[in-house]
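In full-length UniProt numbering, the protein residues as written are 1 to 499.
Glycine included, each C-beta is placed from N, C-alpha and C at the ideal position.
These numbers come from a predicted model, not from an experiment.
Presented below is the structure to which this report refers.
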């Protein structure tokens, strides 16, 4: 048989098989196809000596990327670079190295405890990638590589979903304007928490911890959160409560957060009415009865903007659903801690309360070192004296220490700070004097009101006595007219009236 005839016959057979297969797929019932496919695969296993385990890249609700798949991808990075012919490369901004992974339809051989393994990356119509066998040691090593190369993210909520950007805040505890002892105490607390998984499991508590940061505006609460995230290498979930529709949506957002993260609610006293919500419910109900006027559609929409309650926040912090993920910090910030409901910030919910107050001299020294690269200067003594006499936040001090000239002369910055402190001191004195005057005026006004009230009372008493006297005289006159004498013995009064 000639080669051309042989190829013609082979082509004819292949075409016939393809045609038969196409007709089978087109007209054979789906159930029958499923039945044939099931038993053909079962028969194939008798001659196929391998066990295959598939890991999908996207699994779970809303197609979240599988953590197992990411760990495998990192684990195979170094191995695939020596065996695979086609690789995928990615550059991580927070890392100085290129991350390599297998491209689609590549295979890598490996060995685990004497067992030969074959890693294969494939692609299905659903665009998911699969990898075959995955040992425990590979998972641990892959997770370590992932932690080293991971990009930390800053999340914010949009409705019931999280959106994120790469988190690249440079804040650190070393550059934080705070006393060294307090910084070390906070750092130790954070580091102990991050390694306390077994401890929390032993005492039967969820692996989470609450932090309350409070103090005047400009004292570094947001910078503290960034420093915490950089120290622990955690992601940040910045939760905007006013964008959450109700408690159910809040719970869904909580479930969608990951481990090794910080959940932040900034200015919680302004986010929702959590200062006295339980006390106001009854008053609001009474107000509705007194004002039967129906609300306009716009007003009704505004009132229904967020139905998150104090109870929902409490359950979010330490309810049953708060234990759905481990190794998480919950951080609240506020400028007015006294306005918050005590149930929200009690120990057990907010485990550690950190007050960030006005700038001290030690905090100023850190700022001077960071901004001006100065550890000592002859003007420091004057600045220390002024900081002890007036209040200025670290943010205000930092603004004065910003370079004022192209040359970056430190003297100009320090003199600017001294001028600002002296002005703040004068303003504080003037404010105190004005408050004293206002207090004196208020005291004088209250005293005048008290005196007027006393005079009014005395006048009312005198009028009452006069009325009683007139009434007594009227009674005496009536008795004289009726009986010819006065039963009360007021003869002198009667005789005078007769004359």
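Quick check on residue i: buried or exposed, where buried means 16 or more other Cβ atoms within 10 Å of its Cβ?
i, result
"residue 18", "exposed"
"residue 286", "With a pLDDT of 47 at residue 286, under the threshold of 50, the modelled position of that residue is not reliable, and the figure given next carries that caveat. Exposed, because fewer than 16 other Cβ atoms sit within 10 Å of the Cβ of residue 286."
"residue 208", "buried"
"residue 235", "buried"
"residue 52", "exposed"
"residue 132", "Low local confidence applies: a pLDDT of 42 at residue 132 is under 50, so the model's placement there is unreliable, with the coordinate-based value given in what follows. With 16 or more other Cβ atoms within 10 Å, it is buried."
"residue 481", "exposed"
"residue 198", "exposed"
"residue 303", "Interpretation of residue 303 is limited by its pLDDT of 47, a score under 50 that renders its predicted location unreliable; the figure taken from the coordinates is listed afterwards. The residue is exposed, with fewer than 16 neighbouring Cβ atoms inside 10 Å."
"residue 47", "exposed"
"residue 300", "Bear in mind that the predicted position of residue 300 carries a pLDDT of just 48, short of 50, making it too unreliable to give a figure here."
"residue 165", "exposed"
"residue 271", "buried"
"residue 378", "exposed"
"residue 129", "Confidence in residue 129 is poor, its pLDDT being 41 and thus under 50, which makes the residue's placement unreliable; the coordinate value appears in the next sentence. Under this definition residue 129 is a buried residue."
"residue 469", "exposed"
"residue 16", "exposed"
"residue 327", "buried"
"residue 342", "exposed"
"residue 318", "buried"
"residue 402", "exposed"
"residue 344", "buried"
"residue 3", "exposed"
"residue 495", "Note that residue 495 scores 47 on pLDDT, short of 50, meaning its location in the model is unreliable and no value can be drawn from it."
"residue 21", "exposed"
"residue 251", "buried"
"residue 237", "buried"
"residue 292", "Note on residue 292: pLDDT 47, under 50, position unreliable in the model; the coordinate value appears next. Exposed: under 16 other Cβ atoms inside 10 Å."
"residue 229", "buried"
"residue 394", "buried"
"residue 511", "Residue 511 lies beyond the residue range present for the chain, which begins at 1 and ends at 499; the question has no answer from this structure."
"residue 7", "exposed"
"residue 430", "exposed"
"residue 157", "buried"
"residue 115", "exposed"
Please tell me whether, using a cut-off of 7 angstroms, the distance from the CB of residue i to the nearest non-hydrogen atom of the ligand HEM is below it.
i, result
"residue 430", "Of the ligands one can find in the structure shown there are none, so the ligand HEM has no counterpart to examine."
Assuming residue i contacts residue j (C-beta within less than 8 angstroms), just tell me the rounded distance between them.
i, j, result
"residue 177", "residue 387", "So it is not a contact: roughly 12 angstroms between Cβ atoms."
"residue 86", "residue 108", "Their Cβ separation, rounded to whole angstroms, is 12 angstroms, which puts residue 86 and residue 108 out of contact at 8 angstroms."
"residue 356", "residue 183", "Not a contact, Cβ separation roughly 11 angstroms."
"residue 308", "residue 263", "Not a contact, Cβ separation roughly 14 angstroms."
"residue 364", "residue 412", "The Cβ separation is near 17 angstroms, so there is no contact."
"residue 372", "residue 392", "Their Cβ separation, rounded to whole angstroms, is 17 angstroms, which puts residue 372 and residue 392 out of contact at 8 angstroms."
"residue 173", "residue 265", "About 22 angstroms separates the two Cβ atoms, so there is no contact after all."
"residue 190", "residue 239", "No, residue 190 and residue 239 are not in contact; Cβ-Cβ is about 20 angstroms, not under 8 angstroms."
"residue 55", "residue 69", "5 angstroms"
"residue 255", "residue 334", "Not a contact, Cβ separation roughly 26 angstroms."
"residue 322", "residue 206", "6 angstroms"
"residue 351", "residue 210", "5 angstroms"
"residue 121", "residue 106", "6 angstroms"
"residue 162", "residue 253", "7 angstroms"
"residue 212", "residue 72", "That pair is no contact at about 40 angstroms."
Residue range of the alpha helix (DSSP H) that residue i falls in?
i, result
"residue 25", "3-27"
"residue 341", "Where residue 341 is concerned, there is no enclosing alpha helix (DSSP H), given that its DSSP letter is neither H nor E."
"residue 46", "Where residue 46 is concerned, there is no enclosing alpha helix (DSSP H), given that its DSSP letter is neither H nor E."
"residue 311", "310-318"
"residue 329", "From DSSP, residue 329 is part of no alpha helix (DSSP H) but of the beta strand (DSSP E) over 328-334."
"residue 253", "247-255"
"residue 221", "221-232"
Taking the beta strand (DSSP E) that residue i belongs to, which residues open and close that run?
i, result
"residue 120", "115-120"
"residue 109", "107-112"
Identify every residue that forms a DSSP beta bridge with residue i.
i, result
"residue 397", "Bridge partners of residue 397: none, in fact."
"residue 406", "The partner list for residue 406 (beta bridge, DSSP) is empty, contrary to what the question assumes."
"residue 88", "101"
"residue 264", "238, 331"
Minimum length 4: unbroken alpha helix (DSSP H) runs contained in the region 148-217: Positions of the alpha helix (DSSP H) runs, each at least 4 residues long and wholly inside the region 148-217, are given as 180-194, 197-203 in order along the chain.
What are the complete alpha helix (DSSP H) segments, minimum 4 residues, inside the region 350-394? 361-372, 380-389
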